[in-house]
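*Asks:*
Protein chains: 2
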Amino acid sequence: MAGSNAVDKAARYQQRMQRQKQVVDAAIARAGQEKGLLLILTGNGKGKSSSAFGMAARALGHSMRVGVAQFIKGRSDTGEEVFFRQHAEVTWHVLGEGFTWDTQNLEHDSETARKGWSIVQTMLRDAAYDLVIIDELTYPLKFGWLDMELVLNDLRQRPLMQHVVITGRGAPDLLCEAADTVTEMRDIKHAFRSGITAQKGIDL
Amino acid sequence: MAGSNAVDKAARYQQRMQRQKQVVDAAIARAGQEKGLLLILTGNGKGKSSSAFGMAARALGHSMRVGVAQFIKGRSDTGEEVFFRQHAEVTWHVLGEGFTWDTQNLEHDSETARKGWSIVQTMLRDAAYDLVIIDELTYPLKFGWLDMELVLNDLRQRPLMQHVVITGRGAPDLLCEAADTVTEMRDIKHAFRSGITAQKGIDL
């Protein structure tokens with residue numbers, strides 16, 4: 560009996576693996592179009608920006624050129640910035656100098672955001688950039704510092720093969736509608752809340 | 560009236576920003592403990608592995624040493640692997656050679672997984688690794704190729720300051736219970752389903 564159970568188990572296992580392979584093969588067959596993608600990484604969970612920077616690493620492995628624009632974070636001591644600035648194929652802009660929620664002035668913040676966007680525009684108009692990461696763009700949009708139509712228009716008119724990754728909580732619906740891929744990072748359990756400080760190499 | 564509306568708007572904006580700052584400050588004050596974290600990146604959405612590799616970049620920016628172990632993926636042409644193998648501070652192991660769902664043999668897959676885990680163990684016992692990424696570990700666990708108790712035990716006994724990031728769909732409950740941080744990547748919209756092929760620098 561034990562032997563026959565083992566045979567059954569192996570057979571069920573093989574069936575399950577075959578079904579899984581069929582599903583994957585069918586999806587690959589359907590997918591055949593090549594174009595630059597617009598990806599949104601949103602939600603309250605960890606991993607939005609780090610996922611974007613992982614794609615930067617992936618792109619660099621394919622000898623692609625990467626542009627990064629970070630809104631909000633005026634700091635320049637993050638591990639990712641130190642690391643990627645060492646790579647000639649990466650252009651890195653910190654655009655949020657002076658606006659975080661410590662800056663309580665709408666006009667000033669709007670002007671900072673608009674100046675920042677003009678730098679993003681130069682990358683969205685330059686086909687030399689294979690991948691453009693716009694980190695934490697959702698905040699300037701949410702707070703009304705940037706005009707959504709302007710942003711959508713620049714994204715639409717970018718070079719055909721250019722990938723763009725946008726990160727930040729609460730991505731506006733209009734932005735998600737324009738995107739090819741939207742992932743929500745959901746915070747199931749978070750170390751920060753349970754009294755553990757932000758950690759180098761993980762959060763910073 | 561228009562002027563007074565603008566004043567109201569600015570005042571409401573300032574109030575909102577002040578509330579947001581209070582929330583952030585309080586969270587920072589609560590958080591004060593330093594230790595190596597166990598992070599799980601799970602869910603069906605894009606960005607689990609790329610997020611782990613973004614943390615690798617972040618860690619390298621802090622001159623930390625990174626170990627990567629990839630289960631399942633027997634391929635060696637991914638952008639992330641090409642890129643990170645160029646960096647001396649990174650040790651990269653592909654452990655899934657020969658098991659994907661193309662391999663329809665339970666015993667063979669289990670043995671491959673156990674051999675792979677023994678390599679992960681060497682990193683989990685070596686405090687020289689500041690960050691260990693175990694990519695797509697959930698599959699060997701889900702398919703019963705690896706013993707959960709063995710895995711949990713090795714994770715528990717790792718060096719105090721070592722961070723571990725585990726990725727993969729359907730992370731088992733026992734693993735999530737052991738983790739400090741669990742993020743679920745939810746697939747809200749996916750380019751692959753709408754007929755666009757996997758793209759270099761984004762998916763590969």
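If you're matching them up, the sequences are chains A and B in order.
Going by the working numbering, the first sequence opens with residue 560, and the numbers climb by one from there.
Going by the working numbering, the second sequence opens with residue 560, and the numbers climb by one from there.
Ideal Cβ placement from N, Cα and C applies to all residues, glycine included.
Treat the numbers as computed from the prediction; the structure is a model and nothing was measured.
#1: Just grab the DSSP bridge partners of Met744(B) for me.
#2: Name, going along the chain, the residues of the segment 663 to 693 of chain B whose beta-carbon falls closer than 7 Å to a beta-carbon of chain A.
#3: Going by the DSSP bridge assignment, what does Ile693(A) pair with across the sheet?
#4: Name, going along the chain, the residues of the segment 565 to 576 of chain B whose beta-carbon falls closer than 8 Å to a beta-carbon of chain A.
#5: Closer than 7 Å, CB to CB, is Ala561(A) near chain B or not?
#6: Just the Cα atoms here: how many angstroms apart are Phe630(A) and Leu654(B)?
#7: Return helix, strand or coil for Trp704(A), following the three-state DSSP convention.
#8: Would Thr740(A) count as contacting chain B if we go by Cβ distances under 7 Å?
#9: Under a Cβ-count criterion, where at least 16 other Cβ atoms within 10 Å of its own Cβ denotes burial, should Ala615(B) be classed as buried or exposed?
#10: Roughly how many whole angstroms lie between the Cα atoms of Ala569(B) and Val691(B)?
#11: Evaluate Asp739(A) with the Cβ neighbour count: other Cβ atoms within 10 Å of its Cβ, from every protein chain shown; 16 or more gives buried, anything less gives exposed.
#12: Report, in whole angstroms, the separation of the C-beta atoms of Gly760(B) and Met720(A), which I expect to be a contact under 8 Å.
#13: Return the first residue and the last residue of the beta strand (DSSP E) that His652(A) is part of.
#14: Just by C-beta distance, which residues in the segment 635 to 658 of chain B are closer than 8 Å to chain A?
#15: Where does the unbroken beta strand (DSSP E) through Val601(B) begin, and where does it stop?
#16: Under 6 Å from any heavy atom of the ligand FMN, does the C-beta of Val741(A) make it?
#17: Output needed for Arg717(B): all residues of its chain with C-beta closer than 6 Å, excluding positions within five of it in sequence on either side, in chain order.
#18: By alpha-carbon positions, which one of Glu656(A), Gly727(A), Asn664(A) ends up nearest to Lys674(A)?
#19: Between Leu733(B) and chain A, is any beta-carbon pair separated by less than 7 Å?
#20: According to DSSP, simplified to helix, strand and coil, what is Lys607(B)?
#21: For Lys701(B), return the contacting residues in chain A, with the cut-off set at a CB-CB distance below 8 Å.
#22: Give the interface partners of Leu596(B) over in chain A, defined as CB-CB distance under 8 Å, in chain order.
#23: Can you name the start and end residues of the alpha helix (DSSP H) that Ser622(B) belongs to?
#24: Tell me the residue span of the alpha helix (DSSP H) that contains Ile678(B).
#25: Does the segment 600 to 617 of chain B come into contact with the segment 595 to 612 of chain A, if we say contact requires no fewer than three beta-carbon pairs (one atom in each stretch) closer than 8 Å?
#26: Could you spell out the range, first to last residue, of the alpha helix (DSSP H) harbouring Leu719(A)?
#27: Note down the Cα distance separating Leu733(A) from Gly602(A), rounded to an integer number of angstroms.
#28: Answer yes or no: does any C-beta atom of chain A fall closer than 7 Å to that of Arg547(B)?
#29: What in chain A is Cβ-close to Leu623(B), meaning under 9 Å?
#30: Give the DSSP-derived three-state secondary structure of Gln758(B) in the structure shown.
#31: Since Leu619(B) and Val724(B) should fall inside the 8 Å C-beta cutoff, what is the C-beta to C-beta distance between them, to a whole number of angstroms?
#32: Taking the alpha-carbon positions, what's the Arg715(B) to Ala730(B) distance?
#33: Report the three-state DSSP secondary structure of Ala565(A) (helix, strand or coil).
*Replies:* On the basis of the coordinates in this document:
#1: Answer is Met744(A), bridged to Met744(B).
#2: Residues Gln663, Leu665, Asp689, Leu690.
#3: Residue pairing from DSSP places Ile693(A) in a beta bridge opposite Ala628(A), Ile725(A).
#4: For the segment 565 to 576 of chain B, the residues whose beta carbon sits under 8 Å from a beta carbon of chain A are, in order, Lys568, Ala569, Tyr572, Gln573, Met576.
#5: Bear in mind that a pLDDT of 48 at Ala561(A), under 50, signals an unreliable position, so the number given afterwards is only what the model happens to contain. Interface with chain B (7 Å Cβ-Cβ cutoff): Ala561(A) is excluded.
#6: Each residue's alpha carbon lies about 38 Å from the other.
#7: Three-state DSSP puts Trp704(A) in coil, outside helix and strand.
#8: Proximity of Thr740(A) to chain B, defined by a Cβ-Cβ separation below 7 Å, is satisfied.
#9: With 16 or more Cβ atoms within 10 Å of its Cβ, Ala615(B) is classed as buried.
#10: Taking the straight line joining both Cα atoms gives about 47 Å.
#11: With 16 or more other Cβ atoms from the protein chains shown falling within 10 Å of its own Cβ, Asp739(A) counts as buried.
#12: Actually they do not touch by this definition, with Cβ atoms about 10 Å apart.
#13: That run of the beta strand (DSSP E) goes 649 to 653.
#14: Those would be Thr637, Gly638, Glu639, Glu640, Val641, Phe642, Phe643, in chain order.
#15: One detail in the question is off: residue 601(B) reads as Thr in this sequence, not Val. It spans 597 to 601 - the beta strand (DSSP E) in which Thr601(B) sits, taken as one unbroken run.
#16: With respect to the ligand FMN, the structure offers nothing, as it holds no ligand at all.
#17: If we look at Arg717(B) and ignore the five residues flanking it on each side, its Cβ neighbours are Leu683.
#18: Of the listed residues, the one whose Cα sits closest to Lys674(A) is Glu656(A).
#19: Output row for Leu733(B): interface = no.
#20: The answer is helix: DSSP assigns Lys607(B) an H, G or I state.
#21: Within 8 Å Cβ-Cβ: nothing; Lys701(B) doesn't reach chain A, min ~11 Å.
#22: Residues of chain A passing the Cβ test: Ala750, Ile755, Gln758, Ile761.
#23: Per DSSP, Ser622(B) is not a residue of any alpha helix (DSSP H), being assigned neither H nor E.
#24: Counting along the chain, Ile678(B) sits inside the alpha helix (DSSP H) bounded by residues 665 to 683.
#25: Cβ pair count under 8 Å is three or more, so yes.
#26: From DSSP, Leu719(A) is part of no alpha helix (DSSP H); its letter is neither H nor E.
#27: Pairing Leu733(A) with Gly602(A), the inter-Cα distance amounts to about 16 Å.
#28: In the structure displayed, chain B extends from 560 to 763; residue 547(B) sits before or after that span and is not available.
#29: In the sequence as displayed, the identity of residue 623(B) is Met instead of Leu. Ordered by position in chain A, the residues that pass the 9 Å Cβ test against Met623(B) are Gly638, Lys759, Gly760.
#30: Annotated three-state conformation of Gln758(B) is coil, per DSSP.
#31: Taking C-beta atoms under 8 Å as the contact rule, Leu619(B) and Val724(B) fail to qualify, at a distance of about 14 Å.
#32: The alpha-carbon atoms of Arg715(B) and Ala730(B) are separated by roughly 17 Å.
#33: Judged by DSSP in its simplified three-state form, Ala565(A) adopts helix.
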